[in-house]
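Colleague: First the structure, then my questions, so here it is.
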Amino acid sequence: MKCRVKAFGISRDMVGQGEFDLDVPEGYTVALLRADLTRKFPRLRNLRSLFIAINNEYAQDSLTLAEGDEIALIPPVSGG
Amino acid sequence: MKCRVKAFGISRDMVGQGEFDLDVPEGYTVALLRADLTRKFPRLRNLRSLFIAINNEYAQDSLTLAEGDEIALIPPVSGG
Amino acid sequence: MIKITEKPIDIQKVIDATSSLGAGAVNVFIGTVRNTAHGKNVVWLEYECYESMAVAEIRKIMDEASHRWPLLGAAVSHRVGTLKPGEVSVAIAVSAPHRKDSFEACKYIIDTLKEKVPIWKKEIFEDGEEWISAQPNMEKSYN
Amino acid sequence: MIKITEKPIDIQKVIDATSSLGAGAVNVFIGTVRNTAHGKNVVWLEYECYESMAVAEIRKIMDEASHRWPLLGAAVSHRVGTLKPGEVSVAIAVSAPHRKDSFEACKYIIDTLKEKVPIWKKEIFEDGEEWISAQPNMEKSYN
Numbered sequence: 099m100k101c102r103v104k105a106f107g108i109s110r111d112m113v114g115q116g117e118f119d120l121d122v123p124e125g126y127t128v129a130l131l132r133a134d135l136t137r138k139f140p141r142l143r144n145l146r147s148l149f150i151a152i153n154n155e156y157a158q159d160s161l162t163l164a165e166g167d168e169i170a171l172i173p174p175v176s177g178g
Numbered sequence: 099m100k101c102r103v104k105a106f107g108i109s110r111d112m113v114g115q116g117e118f119d120l121d122v123p124e125g126y127t128v129a130l131l132r133a134d135l136t137r138k139f140p141r142l143r144n145l146r147s148l149f150i151a152i153n154n155e156y157a158q159d160s161l162t163l164a165e166g167d168e169i170a171l172i173p174p175v176s177g178g
Numbered sequence: 136m137i138k139i140t141e142k143p144i145d146i147q148k149v150i151d152a153t154s155s156l157g158a159g160a161v162n163v164f165i166g167t168v169r170n171t172a173h174g175k176n177v178v179w180l181e182y183e184c185y186e187s188m189a190v191a192e193i194r195k196i197m198d199e200a201s202h203r204w205p206l207l208g209a210a211v212s213h214r215v216g217t218l219k220p221g222e223v224s225v226a227i228a229v230s231a232p233h234r235k236d237s238f239e240a241c242k243y244i245i246d247t248l249k250e251k252v253p254i255w256k257k258e259i260f261e262d263g264e265e266w267i268s269a270q271p272n273m274e275k276s277y278n
Numbered sequence: 136m137i138k139i140t141e142k143p144i145d146i147q148k149v150i151d152a153t154s155s156l157g158a159g160a161v162n163v164f165i166g167t168v169r170n171t172a173h174g175k176n177v178v179w180l181e182y183e184c185y186e187s188m189a190v191a192e193i194r195k196i197m198d199e200a201s202h203r204w205p206l207l208g209a210a211v212s213h214r215v216g217t218l219k220p221g222e223v224s225v226a227i228a229v230s231a232p233h234r235k236d237s238f239e240a241c242k243y244i245i246d247t248l249k250e251k252v253p254i255w256k257k258e259i260f261e262d263g264e265e266w267i268s269a270q271p272n273m274e275k276s277y278n
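Given below as structure tokens:
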């Protein structure tokens, strides 16, 4: 399945791009995604925290991804 | 001694005028003033509270008045 | 800045009076005239002020706030005269490096202003009028 | 009203968006860019936003605030892009019948916004730059 990944703030610097496509297998969870991303982009481990959002919502690690989902990497926010 | 009295808000309605002169003896205190005013204008007793200000400051009952003091009647405030 | 005025309050000016390059936060309180009170329609309000003392009392409150919190600026503008529902009766702005202080100081200023500053309002209803907070029911003046 | 904008925020418009004839109080929080951070001069800030999610998260925060306090209106405007010291980064306004609720709800909204809404700022100093709150010291990028 194809998903779109968006990386924001410092996480965009860490993965080297703002958006990219990701091919994921059926039954792929946020926990697996997080493990794969930090293996592929080890600098992400330096973050104080990294949340994953799926389709504009903060996602639990147990969530299973579906075709066409929009994945976002959310490093510590600092709005206001 | 001559003092000037200013009455505000509902106290102005109660004494029937916004300003008047008052002749007070030497050693006259705020406590005496309050007693005389409520005797002269009994409607003032209907107030939930009546503070007296002398020269733009809330005054204690023990304060002694001086020639030329500006006396103000301060019924419950309701600014804001 | 302390201002007692018969003209509509320019909120942006009150805010600007507190501006500081060291500020990260400005808290603003705006008091507005409600269209009802005690379940009745308010037609308008009359605000009266003992101006010289009001300015002195507001000054004391602002000084005390600056003593309690690390403020960079503070401003109070209070309207007097005739106000209709929806109009701004008071605007208070406080700037500080951090937001918690700006909230606490602004709340302190409006709470204390309402308690101590010699300003009075009279509500004018369709069937009478009443000085607010002044007295027991006996002296309300209704037609 | 929820707005994410690259243009300067018009605070009066944010306030006007909350106006209600039943309101006696409006509390406004304004976040401004400070000219120093960590003892160094800030030249400018870059704000970045995941807009679709930011709007959704702000909506949730405003809904929760309206659930907890009896609000009559609420509005949030957040600026993105390049901001210089002194400029307004965020303006939040909340109207309510009574002032205590307006203060509490406005504080809740800014506190929760800073915790949850996907917006990021990078401070640009004379000798380098840094994404705020992001990480331990190892990855700060200074010249």
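So the sequence lines, in the order shown, correspond to chains A, B, C and D. Numbered by the working numbering, the letters in the first sequence go through residues 99 to 178 in order. Numbered by the working numbering, the letters in the second sequence go through residues 99 to 178 in order. Numbered by the working numbering, the letters in the third sequence go through residues 136 to 278 in order. Numbered by the working numbering, the letters in the fourth sequence go through residues 136 to 278 in order. We put the CB at the ideal spot given by N, CA and C, even for glycine. All values reported here derive from a predicted model rather than from experimental measurement.
(1) Helix, strand or coil for S237/C? Go by DSSP, reduced to three states.
(2) At the 9 Å Cβ level, is F139/A part of the contact set with chain D, yes or no?
(3) Using Cβ-Cβ distances below 8 Å, what residues of the region 233 to 253 of chain D are close to chain A?
(4) For P174/B, does the count of other Cβ atoms within 10 angstroms reach 16, so buried, or fall short, so exposed?
(5) Below 7 Å on C-beta distance, what does G166/D contact in chain A?
(6) Quick check on Y267/D - is its C-beta less than 9 Å from some C-beta in chain A?
(7) So what's E165/A in DSSP terms, helix, strand or just coil?
(8) Leaving out five residues before and five after G208/D in sequence, what residues of the same chain have Cβ atoms less than 6 Å from its Cβ?
(9) According to DSSP, is T153/D helix, strand or coil?
(10) Could you pull the start and end residues of the alpha helix (DSSP H) that G177/B belongs to?
(11) Taking only the alpha-carbon atoms, compute the straight-line gap between I137/C and E117/B and give it to the nearest angstrom.
(12) Mind listing which residues of the region 137 to 162 of chain D have their C-beta closer than 8 Å to chain C's C-betas, in chain order?
(13) At the level of alpha carbons, what is the spacing between C101/B and T127/B?
(14) At 3 residues or longer, what runs of the beta strand (DSSP E) sit wholly inside the region 198 to 234 of chain D?
(15) Chain D partners of N170/C, CB-CB under 7 Å?
(16) Run down chain A in chain order and give the residues with a C-beta less than 8 Å from the C-beta of W179/D.
(17) Could you tell me the boundaries of the beta strand (DSSP E) in which K175/C lies?
(18) Is any beta-carbon of chain C found at less than 9 Å from that of P173/B?
(19) Leaving out five residues before and five after E258/D in sequence, what residues of the same chain have Cβ atoms less than 7 Å from its Cβ?
(20) Taking buried to mean at least 16 other C-beta atoms within 10 Å of its own C-beta, is T217/D buried or exposed?
(21) Consider the Cβ of S224/D: report whether some Cβ of chain A lies at a distance smaller than 9 Å.
(22) Which residue's Cα is closest to the Cα of V163/C: E141/D, A189/D, V168/D, A228/D?
(23) Take the Cβ of R169/C as the centre, count every other Cβ of all protein chains shown within 10 Å, and call the residue buried at 16 or more, exposed below.
(24) Pop quiz: D167/B and A129/B are said to be a contact at Cβ under 8 Å. What is the actual Cβ separation, rounded to whole angstroms?
Modeller: Looking at the coordinates:
(1) The residue you call residue 237/C lines up with position 102 of the third sequence. Three-state result, S237/C: helix.
(2) As a first step, residue 139/A must be located in the first sequence, where it is residue number 41. Output row for F139/A: interface = no.
(3) I245, L248, K249, E250, K251, V252, P253
(4) Here residue 174/B corresponds to residue number 76 of the second sequence, with the count starting at 1. P174/B is buried by the Cβ-count criterion.
(5) Within the fourth sequence, numbered from 1, the residue matching residue 166/D stands at position 31. Those within 7 Å of G166/D in chain A are G178.
(6) Counting from one through the fourth sequence, the residue named residue 267/D turns up at place 132. The sequence given here places Ile at residue 267/D; Tyr does not occur at that position. Yes, because at least one Cβ of chain A sits closer than 9 Å to the Cβ of I267/D.
(7) Locating residue 165/A in the first sequence gives position 67, where the first residue counts as 1. In this structure, E165/A counts as coil in the three-state DSSP scheme.
(8) The sequence position of residue 208/D within the fourth sequence is 73, counting from 1. Contacts found: T153, S155, S230.
(9) Within the fourth sequence, numbered from 1, the residue matching residue 153/D stands at position 18. Three-state result, T153/D: coil.
(10) In the second sequence, counting from the first residue as 1, residue 177/B sits at position 79. No alpha helix (DSSP H) contains G177/B, which DSSP labels as neither H nor E.
(11) If you number the third sequence from 1, residue 137/C lands on position 2. If you number the second sequence from 1, residue 117/B lands on position 19. Distance between the alpha carbons of I137/C and E117/B is about 26 Å.
(12) I146, Q147, I150, S154, L156, G157, A158, G159, A160, V161, N162
(13) Taking the first residue of the second sequence as position 1, residue 101/B is located at position 3. Taking the first residue of the second sequence as position 1, residue 127/B is located at position 29. Those two C-alpha atoms are separated by around 12 Å.
(14) 208 to 214, 216 to 218, 223 to 231
(15) The residue given as residue 170/C occupies position 35 in the third sequence. Within 7 Å Cβ-Cβ: L156, G157.
(16) Within the fourth sequence, the letter at position 44 stands for residue 179/D. Here the premise fails: no neighbours, minimum Cβ distance about 15 Å.
(17) Walking along the third sequence from the start, residue 175/C turns up at place 40. Here the beta strand (DSSP E) through K175/C covers 175 to 184.
(18) Here residue 173/B is taken as the residue at index 75 of the second sequence, counted from 1. Answer yes: the Cβ-Cβ gap between P173/B and chain C drops below 9 Å somewhere.
(19) Along the fourth sequence, read from residue 1 onward, the residue named residue 258/D stands at position 123. Counting only Cβ-Cβ distances below 7 Å, and skipping sequence neighbours, we find A172, V177, L180, E264, E265, I267.
(20) To locate residue 217/D, count along the fourth sequence from 1; it is residue 82. T217/D is exposed by the Cβ-count criterion.
(21) The count along the fourth sequence starts at 1 and reaches residue 224/D at position 89. S224/D counts as touching chain A.
(22) By one-based count along the third sequence, residue 163/C stands at place 28. Per the Cα distances, A228/D.
(23) Within the third sequence, the letter at position 34 stands for residue 169/C. R169/C comes out buried.
(24) Numbered from 1 along the second sequence, position 69 holds the residue referred to as residue 167/B. Numbered from 1 along the second sequence, position 31 holds the residue referred to as residue 129/B. Going by Cβ atoms, the distance from D167/B to A129/B rounds to 15 Å, so no, they are not a contact pair.
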